[in-house]
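Student: Keeping their order, the protein sequence lines are chains B and W. Just so you know, we're using our numbering here: the first sequence kicks off at 1 and counts up by one. Just so you know, we're using our numbering here: the second sequence kicks off at 352 and counts up by one. Pasting in a structure now, in structure tokens, and then I'll have a few things to ask.
Protein chains: 2
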Amino acid sequence: MRTVMSDRALNRLRRLARKVLECLEDGKPLRIPKRTTSNIEYDPDSGIYKVGDAKLERRPDTLKGSKKLAQMMCVAAFAKELVERNRSATLREIYYTSEGWDVSFKDQRESDAIIEDLEAATGLKREEFGIWPEEDGAAVYGDLLVREDGVEIHAERAGISGYNIPPNVDAVEFLDCGAERVIAVETMGMYRRLVQERAHEKLDALIIGLKGQAARATRRLIKRLNEELDLPVYVFTDGDPYGWHIYMVIKSGSAKAAHLNEELACPDAVFLGVTATDIVEYDLPTEPLKEADLKRIDELLKDPRYDDPFWRRELHKLKKIGRKAEQQAFAKYSLDYVVEEYLPRKLEELE
Amino acid sequence: MRTVMSDRALNRLRRLARKVLECLEDGKPLRIPKRTTSNIEYDPDSGIYKVGDAKLERRPDTLKGSKKLAQMMCVAAFAKELVERNRSATLREIYYTSEGWDVSFKDQRESDAIIEDLEAATGLKREEFGIWPEEDGAAVYGDLLVREDGVEIHAERAGISGYNIPPNVDAVEFLDCGAERVIAVETMGMYRRLVQERAHEKLDALIIGLKGQAARATRRLIKRLNEELDLPVYVFTDGDPYGWHIYMVIKSGSAKAAHLNEELACPDAVFLGVTATDIVEYDLPTEPLKEADLKRIDELLKDPRYDDPFWRRELHKLKKIGRKAEQQAFAKYSLDYVVEEYLPRKLEELE
């Protein structure tokens, strides 16, 4: 089954192979975007964390460089086979598969790094080459009809756990959507709560359960829902620096996948709560901030992504009250309070 | 919506309430099965880890006893409301909800323990009271048609990630099943591999992804498939003591949920591999055993559940070769090797 997407992946692989061949013939290095922290910058215009202009060189005339080039070409050949056969393999499987290759990897860290090289060199996500992570994605619930591998799935009729977001989310077609917004929530506990209280109907929303820090597939789905279906995106997390950073990564991307942030980050995403102000105003049950929380707050205060009046106020306020709260803390009032009171009020404020 | 199940739950709660009332009137203690390790025994006849005859006492005439009784009655009242309203709440939500009650809990550990008391006192699983864990269950793929909350779901038509096992798995009705066996696998990586290689068709199997140590809902589903649909169950794990113990918990239950093992354990479950013998015969890529692995092997050698010739041989052999292998290590030969060669050969040996 050939698709536009797989043709693109094959073309990029062929182009890379030609470039490597030229390098070998001319004894010149292959230059690929550098992915170290020093070359990652926050771009305030797009609101995305991006890879800068620095390049790293793989020299075919050195032992180290030629080995890395050979490793990358083995991975590229394997990726080509995956795309042609319309199959996928996990990062771990590729590491094991490499046992049968002429070049070897010391450990999976090394093969993962070469796969990131391949992404940076081709400008495509590894998912487009059929290379998937081990981890499951998260889930969506609400009025969304998709087609996946020829099968139509409605995200309200896939069981109470919702529609599982697959790793190759670019292959999912959106057929129909009756929702007016996306509400992404940090914990699966809150996801189940919103589904059970029928927040998808009451708030006309697709509910997405993130399972903590959002996986790449989840972030990609959120971005696609925002761009292709023009849905506003709200993120609802715990009231602590880790929860806030879950939102920030959805909005502006992560350092680790900076070379892909333009595909993954959703600069339109709006933070819904829990804010430090909410903790005080709703008198939520809290726990004291730990050493690590305080350290994290100080780090975020130095992070350019948090350099605006809202975040500076909230970070300082959290530090001042010295306490944090989970999103499930609204259960103090009643299980449905979050859907009947908190979320409608917040959405009204923000829309 | 009243069901046989919810009637049973309400009856047990009423019976418990009457018993507690009698205790209060007579000043006598409430006796509930003790769940400490000293009172958990392996029952070789049923092959299940069970709670023994020892009881713990909650005395209404002591400060500590009366507090614990009051806490349990608050949880019981909340559970009654959940059952009557056909709702559910997570362990964490109940902890937060208790902020509004007359008795309090120091932390969630304390409320979780009282919920286990309620299970032990009523002999029902907390899921039957609508009390769910935070964590998602795992997934099933294959020819299985179920009904969940009025919606029919086919486990081959719920997306490539399969049908998400819900926490309240007792409420799932089995409508139709064309598979002849269950193959439960430790990692989601292997689960995806089997689905992709169409192991469900080639091996006439329902494929279950366990996500490591199996959640209670997953174990309950496996047991129900085994007992109600008469399907043999095979468990495929990594070749190390932790993987083997994942199998053993499915087969004979865990110490932690010993009071429920008769509902959860599946004594018919058969271990499929990876054995120490497989590691040698298939010349699998391995890693050296760590200190913790060796310690775990010694613990298992003392565990009555492993007291048979097969397990003694395998544990000693693993120790002797000093290495362990993951189930994904078969990718060394090719991605489909596990479905085309390894699993058919093992099933033939065992059936």
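Every residue gets a Cβ at the ideal spot worked out from N, C-alpha and C, and that includes glycine. This structure is a prediction, so every number in the text was calculated from the model and none was measured.
1. If you count every other CB in all the chains shown that lies within 10 Å of the CB of residue 151 of chain B, and 16 or more means buried, which is it?
2. Hey, quick one: how far does the beta strand (DSSP E) through residue 525 of chain W stretch, first residue to last?
3. Only counting the same chain, and skipping five residues up and downstream in sequence, which positions put a Cβ closer than 8 Å to that of residue 322 of chain B?
4. Determine the contact status of residue 48 of chain B and residue 252 of chain B, defining contact as a CB-CB distance below 7 Å.
5. Just to make sure I have the definition right: I need the residues of chain W whose C-beta is within less than 7 Å of the C-beta of residue 99 of chain B. Which are they?
6. Spell out whether any CB of chain B is found under 7 Å from the CB atom of residue 517 of chain W.
7. Taking only the alpha-carbon atoms, compute the straight-line gap between residue 311 of chain B and residue 263 of chain B and give it to the nearest angstrom.
8. Taking 7 Å as the threshold (beta carbon to beta carbon), is residue 504 of chain W in contact with chain B?
9. Can you find the residues in the same chain that come closer than 7 Å, C-beta to C-beta, to residue 55 of chain B, ignoring five residues on each side of it along the sequence?
10. Specify the secondary structure class of residue 181 of chain B as computed by DSSP and reduced to three states.
11. Three Cβ pairs or more, each shorter than 8 Å: is that satisfied between the region 174–183 of chain B and the region 200–213 of chain B?
12. Would you be able to state if there are at least three C-beta pairs under 8 Å between the region 615–626 of chain W and the region 568–587 of chain W?
13. Based on DSSP bridge pairs, tell me the residues matched to residue 440 of chain W.
14. What residue range does the beta strand (DSSP E) around residue 206 of chain B cover?
15. State the Cα-Cα distance for the pair residue 648 of chain W and residue 665 of chain W, rounded to the nearest angstrom.
16. How long is the line joining the alpha carbons of residue 337 of chain B and residue 164 of chain B, rounded to whole angstroms?
17. For chain B, is any of its Cβ atoms less than 7 Å away from the one on residue 357 of chain W?
18. Please tell me whether residue 9 of chain B and residue 83 of chain B are closer than 7 Å, where the distance is taken between their beta carbons.
19. Could you tell me which chain B residues have their CB closer than 8 Å to the CB of residue 679 of chain W, listed as they occur along the chain?
20. How long is the line joining the alpha carbons of residue 508 of chain W and residue 148 of chain B, rounded to whole angstroms?
21. Is there a Cβ of chain B sitting closer than 7 Å to that of residue 565 of chain W, yes or no?
22. With a CB to CB cut of under 7 Å and the five nearest residues on each side skipped, what residues in its chain are close to residue 476 of chain W?
23. Output yes if chain W places a C-beta closer than 7 Å to the C-beta of residue 145 of chain B; else output no.
24. Mind checking if residue 194 of chain B is an interface residue toward chain W, Cβ cutoff 7 Å exclusive?
25. Check whether the region 60–72 of chain B touches the region 278–285 of chain B, counting contact only when three or more Cβ pairs, one atom from each stretch, lie closer than 8 Å.
26. Quick one: grab the DSSP three-state call for residue 50 of chain B.
27. Going by DSSP, name the residue or residues bridged to residue 146 of chain B.
28. What residue from B/325, B/128, B/160 and B/109 has the CA that sits closest to residue 194 of chain B's CA?
29. In the DSSP assignment, find the beta strand (DSSP E) that holds residue 586 of chain W and state where it starts and stops.
30. Determine the DSSP secondary structure at residue 323 of chain B, reduced to helix, strand or coil.
31. Tell me the rounded alpha-carbon separation between residue 202 of chain B and residue 351 of chain B.
32. Would you decide whether residue 596 of chain W is buried or exposed? Buried here means 16 or more other CB atoms lie within 10 Å of its CB.
33. List, in order along the chain, the chain B residues whose C-beta lies closer than 7 Å to that of residue 499 of chain W?
34. Can you tell me whether DSSP reads residue 167 of chain B as helix, strand or coil?
35. Where does residue 574 of chain W fall in DSSP's three states?
36. Counting only Cβ-Cβ distances shorter than 8 Å, please list the residues of the region 172–202 of chain B near chain W, keeping chain order.
Tutor: Based on what the coordinates show:
1. Here the question's residue 151 of chain B lines up with position 151 in the first sequence. It counts as exposed.
2. In the second sequence, counting from the first residue as 1, residue 525 of chain W sits at position 174. Looking at the DSSP string, the run of the beta strand (DSSP E) that includes residue 525 of chain W is 524–528.
3. Position 322 of the first sequence, counted from the start, is the residue given in the question as residue 322 of chain B. For residue 322 of chain B, where only same-chain residues beyond five positions count, the Cβ hits under 8 Å are 288 and 289.
4. If you number the first sequence from 1, residue 48 of chain B lands on position 48. If you number the first sequence from 1, residue 252 of chain B lands on position 252. Yes, these two residues count as a Cβ contact at 7 Å.
5. As a first step, residue 99 of chain B is located in the first sequence; it is residue number 99 there, counting from the start. Under the 7 Å cutoff, chain W gives 636 and 683.
6. In the second sequence, the residue the question calls residue 517 of chain W occupies position 166. By this cut-off, residue 517 of chain W is an interface position.
7. On the first sequence, residue 311 of chain B is found 311 positions in, with the first residue counted as 1. On the first sequence, residue 263 of chain B is found 263 positions in, with the first residue counted as 1. The alpha-carbon atoms of residue 311 of chain B and residue 263 of chain B are separated by roughly 25 Å.
8. Against the second sequence, residue 504 of chain W aligns to sequence position 153. Interface residue, yes.
9. Translated into positions along the first sequence, residue 55 of chain B becomes position 55. Only 31, 32, 33 and 34 meet the Cβ criterion.
10. Residue 181 of chain B sits at position 181 when you count from the first residue of the first sequence. Looking at residue 181 of chain B - three-state DSSP - the assignment turns out to be strand.
11. yes
12. yes
13. The residue you call residue 440 of chain W lines up with position 89 of the second sequence. Its beta-bridge partners are W/482.
14. Position 206 of the first sequence holds residue 206 of chain B. 205–209 is the extent of the beta strand (DSSP E) around residue 206 of chain B.
15. Here residue 648 of chain W corresponds to residue number 297 of the second sequence, with the count starting at 1. Here residue 665 of chain W corresponds to residue number 314 of the second sequence, with the count starting at 1. One C-alpha to the other measures close to 10 Å.
16. For the purposes of this step, residue 337 of chain B is taken as the residue at position 337 of the first sequence. For the purposes of this step, residue 164 of chain B is taken as the residue at position 164 of the first sequence. The alpha-carbon atoms of residue 337 of chain B and residue 164 of chain B are separated by roughly 27 Å.
17. Position 6 of the second sequence, counted from the first residue, corresponds to residue 357 of chain W. Closer than 7 Å: no.
18. Locating residue 9 of chain B in the first sequence gives position 9, where the first residue counts as 1. Locating residue 83 of chain B in the first sequence gives position 83, where the first residue counts as 1. Taking 7 Å as the Cβ cut-off, residue 9 of chain B and residue 83 of chain B qualify as a contacting pair.
19. By one-based count along the second sequence, residue 679 of chain W stands at place 328. Within 8 Å Cβ-Cβ: 90, 92, 93 and 96.
20. Your numbering for residue 508 of chain W matches position 157 in the second sequence. Your numbering for residue 148 of chain B matches position 148 in the first sequence. Roughly 10 Å between the two C-alpha positions.
21. Your numbering for residue 565 of chain W matches position 214 in the second sequence. No, residue 565 of chain W lies away from the interface with chain B (no Cβ there is under 7 Å from its Cβ).
22. Numbered from its first residue, the second sequence carries residue 476 of chain W at position 125. These residues qualify, in order along the chain: 470, 611 and 614.
23. Locating residue 145 of chain B in the first sequence gives position 145, where the first residue counts as 1. So, not an interface residue.
24. Indexing the first sequence from 1 puts residue 194 of chain B at position 194. No, residue 194 of chain B lies away from the interface with chain W (no Cβ there is under 7 Å from its Cβ).
25. no
26. The residue labelled residue 50 of chain B in the question sits at position 50 within the first sequence. Note: residue 50 of chain B maps to strand in three-state DSSP.
27. Position 146 of the first sequence, counting from 1, holds the residue named residue 146 of chain B. Residue 146 of chain B pairs with B/153 and B/174.
28. Here the question's residue 194 of chain B lines up with position 194 in the first sequence. With distances taken between Cα atoms, residue 194 of chain B lies closest to B/160.
29. To locate residue 586 of chain W, count along the second sequence from 1; it is residue 235. Run containing residue 586 of chain W: 584–587, per the beta strand (DSSP E) assignment.
30. One-based indexing of the first sequence puts residue 323 of chain B at position 323. Of the three classes helix, strand and coil, the one that applies to residue 323 of chain B here is strand, per DSSP.
31. Taking the first sequence and counting its residues from 1, one reaches residue 202 of chain B at position 202. Taking the first sequence and counting its residues from 1, one reaches residue 351 of chain B at position 351. Looking at the two C-alpha atoms, the distance is approximately 16 Å.
32. Here residue 596 of chain W refers to the residue found at position 245 when the second sequence is read from its first residue. Buried, since its Cβ has 16 or more Cβ neighbours within 10 Å.
33. Along the second sequence, read from residue 1 onward, the residue named residue 499 of chain W stands at position 148. Result: 159 and 160.
34. Stepping through the first sequence from its first residue, residue 167 of chain B is reached at position 167. In the structure shown, residue 167 of chain B sits in coil (DSSP, three-state: anything other than H, G, I, E or B).
35. Start at 1 with the first residue of the second sequence, and residue 574 of chain W comes out as number 223. Helix, per DSSP.
36. 187, 188, 189, 192, 193 and 196
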